[in-house]
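Protein sequence lines, in the order shown, are assigned to chains A and B.
Under the UniProt record's numbering, the first residue of the first sequence is numbered 1, with each subsequent residue one higher.
Under the UniProt record's numbering, the first residue of the second sequence is numbered 1, with each subsequent residue one higher.
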Amino acid sequence: MEFTYSREQQMVKKMIKEFAETEIAPIAEELDAEAKYPYETVAKLGKLGVMGMPFPKEYGGAGTDYLTYIMAVEELSKVDASHGVIVQTHNALCCWPIFTYGTEEQKRKYLPDLLSGKKLGAFGLTEPNAGTDAAMQQTTAADGGDCWILNGSKVFISGGGIADVYVIMAMTDKSKGNKGISSFIVEKGTPGFSRGKKENKMGIRASIAAELVFEDCRIPKENLLGKEGKGFKTAMTSLDVGRLGIAAQALGIAQGAFDQTVEYMKQRKQFGRSLNKFQALAFEMANMKTRIDGARFLLYNACNMRDRGLPSTVEAAQAKLACSETASYVVDKAVQFHGGYGYIKDYPVERMYRDQKITEIYEGTSEVMKMVISGSIFK
Amino acid sequence: MKIIVCVKQVPNTNEIKINPETGTLIRDGVESILNHDDANALEEALKIKDRDPKTEVIVLTMGPPQAREMLEECIAMGADEAVLLSDRALGGSDTWATSNALAAGIRKIGNYDLIFAGRQAIDGDTAQVGPQIAEKLGIPQITYVREFQMEGKRITVQRALEDGYQVLKTTMPCVLTCIKELNTPRYMSIRGILKGAAAEIKVWSAEDIGVNEELVGLKASPTNVYRSFTPKPKGKGVSVKGDTAKELAGNLLAELKEKHII
Chain A
1 MEFTYSREQQ
11 MVKKMIKEFA
21 ETEIAPIAEE
31 LDAEAKYPYE
41 TVAKLGKLGV
51 MGMPFPKEYG
61 GAGTDYLTYI
71 MAVEELSKVD
81 ASHGVIVQTH
91 NALCCWPIFT
101 YGTEEQKRKY
111 LPDLLSGKKL
121 GAFGLTEPNA
131 GTDAAMQQTT
141 AADGGDCWIL
151 NGSKVFISGG
161 GIADVYVIMA
171 MTDKSKGNKG
181 ISSFIVEKGT
191 PGFSRGKKEN
201 KMGIRASIAA
211 ELVFEDCRIP
221 KENLLGKEGK
231 GFKTAMTSLD
241 VGRLGIAAQA
251 LGIAQGAFDQ
261 TVEYMKQRKQ
271 FGRSLNKFQA
281 LAFEMANMKT
291 RIDGARFLLY
301 NACNMRDRGL
311 PSTVEAAQAK
321 LACSETASYV
331 VDKAVQFHGG
341 YGYIKDYPVE
351 RMYRDQKITE
361 IYEGTSEVMK
371 MVISGSIFK
Chain B
1 MKIIVCVKQV
11 PNTNEIKINP
21 ETGTLIRDGV
31 ESILNHDDAN
41 ALEEALKIKD
51 RDPKTEVIVL
61 TMGPPQAREM
71 LEECIAMGAD
81 EAVLLSDRAL
91 GGSDTWATSN
101 ALAAGIRKIG
111 NYDLIFAGRQ
121 AIDGDTAQVG
131 PQIAEKLGIP
141 QITYVREFQM
151 EGKRITVQRA
161 LEDGYQVLKT
171 TMPCVLTCIK
181 ELNTPRYMSI
191 RGILKGAAAE
201 IKVWSAEDIG
211 VNEELVGLKA
221 SPTNVYRSFT
231 PKPKGKGVSV
241 KGDTAKELAG
251 NLLAELKEKH
261 II
C-alpha cells in the first residue's frame with residue numbers, strides 16, 4: 001500500500017498542529033489538574049469547522065472525507081487527548097447517527113447547530129450493568145401517546161451535562177432483548193432529564209464524563225431516532241465509526257509522547273552524553289517509531305475503506321486494537337526514558353501516560369476488538 | 001473594494017541552521033512558511049472582508065513554483081484569489097528588481113483600492129519592497145502600521161516608531177506595510193482548506209506582466225552580495241555575584257584585576 005497525504009490533508013494537519021500548539025498546549029496542564037471542560041477552545045474549533053468535518057455542506061458540515069477528519073483528531077490528541085475525544089464523541093457518536101438514521105426534519109433541526117459547533121453532542125448507551133454487554137439496558141422508553149417517557153440512568157457519558165443534544169438508547173420492549181432497544185434524541189433542559197454524578201477520572205480529565213438521569217422525562221414522539229427496535233444497530237454502527245476516532249486519539253497520544261521523548265533525549269545529559277547517544281535507548285525508540293507507523297497504516301487503511309464505502313468493521317477493530325496497544329507501550333517507555341521527570345506533572349508525558357489507558361477501554365474494550373477480529377478469522 | 005496583499009514564502013528561520021564551515025544556510029528539510037508580517041497584512045485585509053463580504057482579497061507573490069503552496073494556504077485563511085509571478089527571468093532579483101515585477105503584477109490586476117504588505121521578510125530583513133512598490137506605482141505609503149481604521153476612502157493609521165507612534169491620515173489607493181502588533185492572524189479553516197486545495201492559482205510569467213527584462217532578474221539587480229557570513233559567537237559571559245552592592249563591586253574589581261584589565 002502506498003500512502004501520500006493529499007494537499008488538503010497536509011493543510012488540515014498543519015492548521016490543527018498550529019492551533020493545538022498555540023491554543024491548547026499552554027492550558028492542557030491546568031485543564032487536567034482542575035478537570036475543567038475547555039469551552040473556549042472547543043468554540044474556536046467549531047468556528048474553524050472542526051466540529052463537523054466529515055458531513056455534507058448542505059447540513060452545515062465541511063465536507064471532508066473521513067480520513068482527513070481522523071487526521072485532525074490525531075493532531076489534536078498529540079497535544080491533548082481530551083480535545084481529541086471531545087471532537088470525536090461529538091462527530092461520531094452524535095452527529096453521525098443523526099445524519100445516518102435521522103429523518104430529513106431531524107437532520108435539518110439538529111445538524112446545522114451541531115456541525116457548526118454552536119451545540120455539542122453526546123451519546124448515552126452505557127449503564128451500571130450494561131457495559132460491554134450493551135443489551136442489558138435498564139433505561140426504558142414508554143409510549144405515552146403523544147410522547148415517549150424515559151426512565152433510568154446512564155453512566156460514564158462523555159460530555160454529560162455539557163452537551164446540548166444527546167442520542168440515548170432505551171428499551172421500548174424489554175421482552176425482545178437487543179431488538180427491544182430504540183434510540184432517541186434528547187435535548188438538554190428537557191424536564192425530567194438531569195446530570196447525575198460527575199466522574200473523577202484517571203485521565204482525559206478535561207473531557208467531562210457524567211451520569212445522566214431520566215425521571216419521567218417526556219420527549220416528543222418525533223424524537224425517536226431511526227425505527228423502533230433498531231436502537232441496538234444504531235449504537236453498534238455508531239461505535240464502529242467511533243472506533244476510528246479513538247484509534248486516532250490513541251495514535252495521537254503515542255506520537256505526542258514519542259515526540260516529547262525525542263526532544264528530551266536530545267537535551268538530557270547523563271554520564272557526559274545525551275540520552276540519544278545510548279544505543280539501548282535509541283534502539284527502543286526505533287521500535288516505538290516502527291510500531292506507531294505500523295498502527296497508523298492500519299488506521300488510515302480502515303478509514304480509506306470506509307471512505308470508499310467498503311465494509312470495514314474488522315479493519316476498524318484492528319486499527320483500534322493496534323493504536324491503543326501501541327500507545328500503551330509508547331507512553332510507558334516515554335515516562336521511563338524521562339526518568340524521574342516523567343513521573344512529575346511538569347512534563348506532558350505524565351498526563352499522556354494517564355490519558356492513554358482509556359483508549360483500550362472505551363468504545364469497545366481491546367477484548368471486544370479481539371472478539372470482532374477473531375470472529376472474522378473463525379467464521 | 002479590491003485589496004491586494006503582497007506576500008512572500010520564506011524558510012522558517014526558527015528551524016534553520018548555519019553550516020559553520022561555509023557560513024551558508026542549511027535549507028534542506030527546512031519548512032517554508034508564509035512570512036510572519038505578511039500574515040498580519042493578510043489578516044488586516046480579511047478583517048475588512050469580514051465587515052464587508054463584497055470585498056475582494058487577492059494575494060500576490062513572486063517566487064518559485066512551490067510558492068503556490070503558501071498561496072493555497074492564504075486562500076484557506078480566506079483570500080479570494082492568488083497570483084504567482086514565476087519565471088526564470090525573475091530569478092535572482094534584489095529588492096529593486098522584485099518591486100519592479102510586483103508593481104507590474106499589481107498594474108495587471110488593476111483597479112485596486114488598497115495594498116497591504118508585511119514590514120519585512122524574515123529571510124532578508126530589508127523592509128524595502130513594500131515602499132518601493134508604492135514609489136513605482138506613484139501612490140502614498142505608510143510603513144510600520146500597528147493600527148488601522150477606515151472610513152469610506154479615508155484611512156487613519158498608527159505608525160510605530162522606536163519610542164512612540166505617529167497618527168497619519170491618507171486616502172486610497174495606498175500601500176501599507178504591517179507589523180505584528182497590528183493583529184493576530186487567523187487560522188486556516190476547514191472549509192477554506194478545501195477551497196485552497198482546489199483553487200486555481202494564476203501563474204504569470206515576466207511576459208504576462210509585460211515587464212521589461214532590463215528591470216528584473218539577477219542581471220538587472222543593482223545589489224551584489226559581496227560575501228555573507230555568520231558573526232563568530234561570543235564566548236560565554238560571566239555573572240558576577242554578591243549579596244550587597246559593595247560586595248558586588250568588590251567581586252567585579254577582583255575579576256577585572258585578575259584578567260589584567262585594570
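Where a beta carbon is used, it is the ideal one built from N, C-alpha and C, also for glycine.
key: beta strand (DSSP E) runs wholly inside the region 276–318 of chain A, at least 3 long, in chain order   = The region 276–318 of chain A contains no whole beta strand (DSSP E) run of 3 or more residues.
(request) Residues of the region 174–192 of chain B with a CB closer than 7 Å to any CB of chain A: list them in chain order, please. (result) Flagged, chain order: Y187, M188, S189, I190, R191.
In three-state DSSP terms, what is K119/A? Shown here, K119/A sits in coil according to DSSP, grouped into three states, outside any helix or strand.
Taking C147/A as part of the beta strand (DSSP E), name the residues at either end of that continuous run. Where C147/A is concerned, the enclosing beta strand (DSSP E) stretches over 147–158.
**Request:** Please confirm if the region 32–40 of chain B is in contact with the region 154–173 of chain B, defined as three or more CB-CB distances below 8 Å between the two stretches.
**Result:** The region 32–40 of chain B vs the region 154–173 of chain B: no contact.
DSSP-derived helix/strand/coil call for D143/A: Under the three-state reduction of DSSP, D143/A is assigned to strand.
Could you compute how far the alpha carbon of D259/A sits from the alpha carbon of V59/B? Cα-Cα distance, rounded: 35 Å.
- Message: By the three-class DSSP mapping on this structure, what secondary structure does E74/A have?
- Response: In the structure shown, E74/A sits in a helix (DSSP, three-state: H, G or I).
Determine the extent of the beta strand (DSSP E) in which D37/B is found, giving its start and end residues.
Where D37/B is concerned, there is no enclosing beta strand (DSSP E), although the alpha helix (DSSP H) it sits in stretches over 36–51.
Checklist entry - Can you list, in chain order, the residues of its chain whose CB lies under 7 Å from that of V213/A, leaving out five sequence neighbours each side? => result Cβ neighbours of V213/A within its own chain (closer than 7 Å, five residues either side excluded): S153, S194, G196.
Q. Within the chosen definition, does the region 63–71 of chain B reach the region 92–106 of chain B through at least 3 CB pairs nearer than 8 Å?
A. Between the region 63–71 of chain B and the region 92–106 of chain B, the count of Cβ pairs shorter than 8 Å is below three; the stretches do not touch.
- Less than 8 Å between the CB atoms is what I'm expecting for A206/A and E199/A, so what's the real figure, rounded? For a cut-off of 8 Å, the C-beta gap from A206/A to E199/A is around 13 Å, too long to register as a contact.
Checking 7 Å against the spacing of the C-beta atoms, do D164/A and L225/A come in under that value? For the 7 Å CB-CB criterion, D164/A and L225/A do not form a contact.
message: Here's the rule I'm using: 16 or more other beta-carbon atoms within 10 Å means buried, otherwise exposed. How should A135/A be labelled?
response: Exposed, by the Cβ-count rule.
Enumerate in chain order the residues of its own chain whose CB-to-CB distance from K44/A is below 8 Å, with the five nearest sequence positions on each side excluded.
These residues qualify, in order along the chain: F19, E23.
If I follow the unbroken alpha helix (DSSP H) through I246/A, where does it start and stop?
Per DSSP, I246/A is one residue of the alpha helix (DSSP H) stretching across 231–267.
Original post:
For G46/A, which of helix, strand or coil comes out of DSSP?
Top reply: Here G46/A sits in helix by DSSP.
Discussion item. Counting only beta-carbon separations shorter than 7 Å, does A76/B have a partner in chain A?
Written reply: For A76/B, the closest Cβ of chain A is nearer than 7 Å.
- Query: Interface residues of chain A around E200/B at Cβ under 9 Å?
  - Reply: Ordered by position in chain A, no residue passes the 9 Å Cβ test against E200/B, which lies about 13 Å from the chain.
Next item on the list: Determine whether the Cβ of A117/B lies closer than 7 Å to any Cβ atom of chain A.
Entry: False, the Cβ-Cβ gap to chain A never drops below 7 Å.
Using a Cβ-Cβ cut-off of 7 Å, state whether V12/A counts as contacting chain B.
Chain B, which has a Cβ nearer than 7 Å to the Cβ of V12/A, makes this yes.
- Skipping 5 residues on each side, what residues in its chain have a beta carbon closer than 6 Å to that of L218/B? Closer than 6 Å at Cβ, skipping near neighbours: G92.
K269/A to P348/A span [Cα, whole Å]: Rounded to the nearest whole angstrom, the CA to CA distance from K269/A to P348/A is 19 Å.
Q.
Counting only Cβ pairs nearer than 9 Å, list the residues of chain B close to A62/A.
A. What A62/A touches in chain B: S189, I190, R191, I193, L194.
With the cut-off set at 7 Å, would you say A121/B and K8/B are in Cβ contact? For A121/B and K8/B, yes; Cβs fall inside 7 Å.
I'd like the list of long-range same chain contacts for E56/B, defined as Cβ closer than 6 Å, with 5 residues on each side in sequence excluded. The answer, listed in chain order, is K2, D80.
I want to see whether chain A comes within less than 7 Å of A197/B, judged by CB atoms only; does it? Interface residue (Cβ-Cβ distance to chain A less than 7 Å): A197/B is classified as such.
Is it true that the CB of M62/B sits closer than 7 Å to the CB of E90/B?
Before going on, a small fix: residue 90/B reads as Leu here, not Glu. It is a contact, given that the beta carbons lie within the stated cut-off.
Cα separation between A282/A and G63/A?
Between the alpha carbons of A282/A and G63/A lies a gap of roughly 42 Å.
| said: If the cut-off is 7 Å on Cβ atoms, which residues from the region 38–67 of chain B count as contacting chain A, listed in chain order? | reply: Close to chain A, meaning a Cβ-Cβ distance shorter than 7 Å, is no residue of the region 38–67 of chain B at all.
ask   = So, is the C-beta of M371/A closer than 7 Å to a C-beta in chain B?
value = Not closer than 7 Å to any Cβ of chain B, the Cβ of M371/A fails to qualify, so no.
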